[in-house]
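Asker:
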Amino acid sequence: MNQPKQKQPITSLWDDEKASTMSEPELLLYRSNLLGSDLRITNFGGGNTSAKVVMEDPLTGEEVEVLWVKGSGGDLGSIKLDGFSTLYLDKLHALKKRYRGLEHEDEMVAYLPHATFNLNPRAASIDTPLHAYINKKHVDHMHPDSLIAIAATANSRALTEKIFEGVLGWLPWKRPGFDLGLDLEKLSTEQPHLKGIILEGHGLFTWGDTAKEAYETTLAIIKRAEEWLEANIAQPVFGGQAGQSLPAEERAAFAAKLMPLLRGKISKTEYKLGHFDDSDTVLEFVNSADLAPLAALGTSCPDHFLRTKIRPFVVDFDPANPNFDAVAASLDDSLEAYRNDYKAYHERCKRDNSPAVRDANPIIYLIPGVGMLSFAKDKATARIAGEFYVNAINVMRGANGVDTYVGLPEQEAFDIEYWLLEEAKLQRMPKPKSLAGRIAVVTGGAGGIGQAVAKQLLSEGACVLLTDIDGGALEEAKAALAKVAGKDNVATITGNITSEEQVEAVFTEAALRFGGVDLLISNAGIASSAPLEDTTVEVWDRNQDILVKGYFLASRAAFRMMKTQKLGGSMVFVASKNGLVASAGASAYCTAKAAEIHLARCVALEGAPLGIRVNVVNPDAVIKGSKIWDGKWKQERAQSNKIEEGDVEAFYRDRSMLKRSVLPEDIAEAVYFLSSDKAGKSTGNVLNVDAGNAGAFTR
């Protein structure tokens with residue numbers, strides 16, 4: 001049986017010496033970052049913090065009380081001072097006179113900008129009234145799994161009273177907004193001894209007179225909840241275990257095989273990216289007797305189901321009798337059933353002004369014996385969705401261990417998922433980049449051209465898996481690219497493209513890390529120079545192995561995965577001018593590069609019926625950042641051309657028709673063009689990027 005590992009207890013990280021030099025806004029930021037750094041305290045992007053600070057009004061010069069509160073969007077763990085909204089507290093209280101009741105809740109959000117202090121451009125969130133009306137200087141609103149577990153039980157009010165002995169108040173479920181803010185004000189005012197309030201099915205509010213007091217009160221309440229739940233589990237968690245997990249290698253292999261197939265079926269209108277999680281917490285849940293009924297209940301906390309949909313998709317798989325083909329055969333019907341059920345949910349719950357039904361495909365996929373998959377329009381969102389469902393699992397674990405878990409009522413869930421304010425936020429999202437949702441594999445990824453290509457693809461929204469035989473250089477490339485594009489979007493795997501086994505491992509990693517592959521950039525390369533009579537069989541074979549066999553193995557693996565996905569795809573071979581025009585003293589290299597070009601044409605023929613395009617970029621003398629030119633090749637070409645090594649770059653530049661050096665970024669632009677939909681009607685073509693060489697003109 002897989003049991004979640006015991007975690008270290010939550011402890012205070014507050015540093016009095018560091019805090020002693022901070023202003024009130026800086027203390028709010030410090031507290032927020034500490035709280036947001038631990039996902040047991042609040043989930044990514046979830047929760048709010050606030051402080052009521054006396055400041056000088058820039059208009060009148062008088063002292064006024066200002067509410068600093070986390071603005072719309074952002075994450076507490078990484079928020080900066082500019083992530084907080086600032087509002088006049090007296091104006092927020094004046095808004096009570098404008099409130100016309102629950103049916104007019106949304107109009108109150110439009111009033112919030114009129115209370116802005118000091119022209120702060122950070123938009124205020126819908127949770128602003130929840131902080132404004134609690135008459136405490138420092139307020140935290142967190143989503144700890146342990147507290148939501150209590151809040152999501154059938155007897156949450158009684159449990160709250162029992163566990164916290166009057167220290168915490170309790171409020172029944174209500175959608176976040178102005179009315180809930182008034183309820184919080186009323187309860188906290190009527191019972192001034194309270195240190196916080198549990199919101200049914202939602203989360204926790206706590207407060208203090210100082211930033212440190214608020215922070216440590218929040219931690220103490222969460223710790224008390226965790227300890228009580230752990231000590232009072234009175235029934236088998238999730239109904240006990242019904243099955244066993246596959247071994248780790250088999251889990252990964254199953255997921256890597258399923259993800260491209262599944263991705264293809266849910267990406268017909270928008271490319272999706274995947275994430276795989278087979279942590280102990282997930283395995284305990286997917287192997288449990290109550291998996292199906294608990295999954296059907298959906299999640300409770302609004303933050304959870306906004307990220308994961310109202311319920312997950314449970315894959316019909318028996319790890320005791322693993323049969324991938326049976327799972328694959330059942331996917332179309334079971335996915336269609338899920339989509340129809342989701343559309344029926346929308347039809348049952350929609351209101352006159354509700355937005356149209358959105359993508360009806362699942363986000364979370366639970367596989368007994370294997371783990372959990374999550375798919376979304378970008379990698380970070382897919383990963384975070386999985387993390388949110390782990391939060392939901394923890395909530396169900398705690399709730400069912402001591403009582404009965406209760407999901408949010410369907411209509412309430414719909415009203416939040418299809419909230420007009422949420423729809424407006426979605427409509428304000430920037431237009432996706434040209435390669436959004438695409439997955440690229442770049443061989444020779446640690447070299448100058450490989451890194452330039454990866455950077456270009458990443459800048460256009462793709463996720464990139466870099467592979468190279470040089471593991472150290474690969475990690476350096478990953479670190480540099482992650483600074484530009486974020487760590488979610490860049491992955492690496494050391495591999496030798498002449499090894500069939502290692503090439504297969506590269507594409508398995510692409511499937512596990514991102515969900516499949518859409519773009520293959522075959523760029524791994526070497527170069528050699530020697531007169532024919534001095535060319536050894538070893539040199540000849542090495543050129544053939546890397547530049548021909550390696551490109552064949554990579555294109556075959558990519559082709560198979562693209563065929564499985566049924567989403568088309570694009571391959572770009574980075575060949576050479578020498579593939580079209582012979583050079584004396586380089587027969588092994590020129591022949592291998594010519595074979596690359598012809599291989600690309602052959603793959604283009606077979607790929608066309610599947611929408612798989614294959615094209616070639618032919619560079620010449622790309623010296624900047626090149627590991628090839630830093631080695632023996634430069635010396636050989638200098639000797640062959642009877643020049644000094646230091647004159648090589650100038651020699652090749654002056655030899656070109658345009659008298660210009662060819663840079664890695666030039667190759668990257670060409671690769672991007674052929675990879676993108678801009679070249680959607682191009683296959684089997686060769687694009688020279690050589691500053692002009694008449695001998696290489698294609699005929």
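So that you can map any letter, position 666 of the sequence shown is 666 in the UniProt record's numbering, and since no number is skipped, the others follow by simple counting. Glycine is no exception: its CB is placed at the ideal position from the N, C-alpha and C atoms.
Leaving out five residues before and five after Gly607 in sequence, what residues of the same chain have Cβ atoms less than 6 Å from its Cβ?
Answerer: These residues qualify, in order along the chain: Val614.
Asker: With respect to the alpha helix (DSSP H) encompassing Asp541, which residues constitute its N-terminal and C-terminal limits?
Answerer: Note, Asp541: alpha helix (DSSP H), Val537 to Gln544.
Asker: Mapping the DSSP letters down to three states, classify Glu62 as helix, strand or coil.
Answerer: Here Glu62 sits in coil by DSSP.
Asker: Is Ala214 near Arg383, with beta carbons less than 8 Å apart?
Answerer: Against a cut-off of 8 Å, the Cβ pair of Arg383 and Ala214 comes out as no contact.
Asker: Using alpha carbons as the reference points, say which of Glu500, Asn394, Tyr589 and Trp14 lies closest to residue 720.
Answerer: Examination of residue 720 is not possible in this model, given that the chain is present from 1 through 699 alone.
Asker: Does the distance from the CB of Gly201 to the CB of Cys301 come in under 8 Å?
Answerer: Cβ atoms of Gly201 and Cys301: closer than 8 Å.
Asker: With C-beta atoms as the reference, is Leu28 less than 8 Å away from Thr49?
Answerer: Closer than 8 Å, so yes.
Asker: Please report the distance separating the alpha-carbon of residue 702 from that of Ala380.
Answerer: Because the chain is modelled from 1 through 699, residue 702 falls outside the range shown and cannot be assessed.
Asker: From this set, Asn496, Gly437 and Glu460, which residue's C-alpha is nearest Leu466's C-alpha?
Answerer: The option with the nearest alpha carbon to Leu466 is Asn496.
Asker: Looking at C-alpha atoms only, which residue of Thr443, His346 and Leu481 is the closest neighbour of Asp470?
Answerer: Taking only the C-alpha atoms, the option nearest Asp470 is Thr443.
Asker: Return the chain-ordered ranges of every beta strand (DSSP E) run that is complete within the stretch 134 to 217 and spans a minimum of 3 residues.
Answerer: The stretch 134 to 217 contains these whole beta strand (DSSP E) runs: 138 to 142, 168 to 171, 196 to 199 and 203 to 208.
Asker: Buried or exposed for residue 711, going by 16 or more other Cβ atoms inside 10 Å?
Answerer: Only positions 1 to 699 of the chain appear in the structure, and residue 711 is not among them; the question remains open.
Asker: Pull up the CB-CB distance for Ile493 and Ala440, whole angstroms please, since I reckon it's below 8 Å.
Answerer: The pair is not a contact, with the Cβ atoms about 13 Å apart (cut-off 8 Å).
Asker: In this structure, what does DSSP give as the bridge partners for Val441?
Answerer: Val441 is bridged to Leu465 and Leu520.
Asker: If we ignore side chains and look at the alpha-carbon of each, how far apart do Asp277 and Glu596 end up?
Answerer: Their Cα atoms are separated by approximately 38 Å.
Asker: Excluding sequence positions up to five away, which residues of its chain have a Cβ less than 7 Å from the Cβ of Ala292?
Answerer: Val314.
Asker: Would Ser20 be called buried (16 or more neighbouring beta carbons within 10 Å of its own) or exposed?
Answerer: Classification of Ser20: exposed, given that the 10 Å Cβ count is below 16.
Asker: For Met55, which beta-bridge partners are listed by DSSP?
Answerer: Answer by DSSP bridge pairing, in chain order: Val64.
Asker: Based on the DSSP output, what are the partners of Leu297 in its beta bridges?
Answerer: None, per the DSSP bridge assignment.
Asker: Would you check if the distance between the CB atom of Thr404 and the CB atom of Thr153 is smaller than 8 Å?
Answerer: Closer than 8 Å, so yes.
Asker: Nearest-angstrom Cα distance between Pro664 and Pro609?
Answerer: Approximately 32 Å between the Cα atoms of the pair.
Asker: Measuring only the C-alpha atoms, how far is Pro9 from Gly46?
Answerer: Taking the straight line joining both Cα atoms gives about 21 Å.
Asker: Let me confirm a value: His141 is counted as buried when at least 16 other C-beta atoms fall within 10 Å, else exposed. Which label applies?
Answerer: That one is buried.
Asker: Once DSSP output is grouped into helix, strand and coil, what is the label at Ile364?
Answerer: Of the three classes helix, strand and coil, the one that applies to Ile364 here is strand, per DSSP.
Asker: Go through its chain and collect everything with a Cβ distance to Ala452's Cβ below 7 Å, but skip five positions before and after it.
Answerer: Cβ neighbours of Ala452 beyond the five flanking positions: Pro664, Glu665, Ile667 and Ala668.
Asker: Nearest-angstrom Cα distance between Val431 and Leu194?
Answerer: The sequence shown places Lys at residue 431, not Val. Whole-angstrom Cα-Cα distance: 46 Å.
Asker: Excluding the 5 residues flanking Leu81 on each side, which residues of the same chain have their C-beta closer than 7 Å to its C-beta?
Answerer: Hits under 7 Å: Pro25 and Leu29.
Asker: For a test of the three-state rule: what should DSSP assign to Asn48, helix, strand or coil?
Answerer: Correct three-state label for Asn48: strand.
Asker: I'd like to know if the stretch 105 to 117 and the stretch 174 to 186 are in contact, where contact means that at least 3 CB-CB pairs between them fall below 8 Å.
Answerer: Contact holds: three or more Cβ-Cβ distances are below 8 Å.
Asker: Taking the straight line between their C-alpha atoms, what separation do you get for Thr536 and Lys566?
Answerer: Spanning the two alpha carbons is a distance of roughly 44 Å.
Asker: In angstroms, rounded to a whole number, what distance separates the CA positions of Ala586 and Ser529?
Answerer: C-alpha separation (whole angstroms): 5 Å.
Asker: Measure the CB-CB distance between Ser288 and Phe238 and report whether it falls below 8 Å.
Answerer: The answer is yes: Cβ separation under 8 Å.
Asker: Identify which residue in Asn688, Ser72, Leu182 and Met657 has its Cα closest to the Cα of Val671.
Answerer: Looking at the Cα atoms, Asn688 is the closest of the given residues.
Asker: Considering Cα atoms alone, identify which of Val617, Leu474 and Asp654 is closest to Ser675.
Answerer: The shortest C-alpha separation from Ser675 is found at Val617.
Asker: Consult DSSP for Gln3 and reduce its assignment to one of helix, strand or coil.
Answerer: Low local confidence applies: a pLDDT of 45 at Gln3 is under 50, so the model's placement there is unreliable, with the coordinate-based value given in what follows. In the structure shown, Gln3 sits in coil (DSSP, three-state: anything other than H, G, I, E or B).
Asker: With hydrogens ignored, establish whether the beta-carbon of Ala592 is closer than 7 Å to any heavy atom of the ligand COA.
Answerer: No copy of the ligand COA occurs in the structure displayed, which carries no ligand at all.
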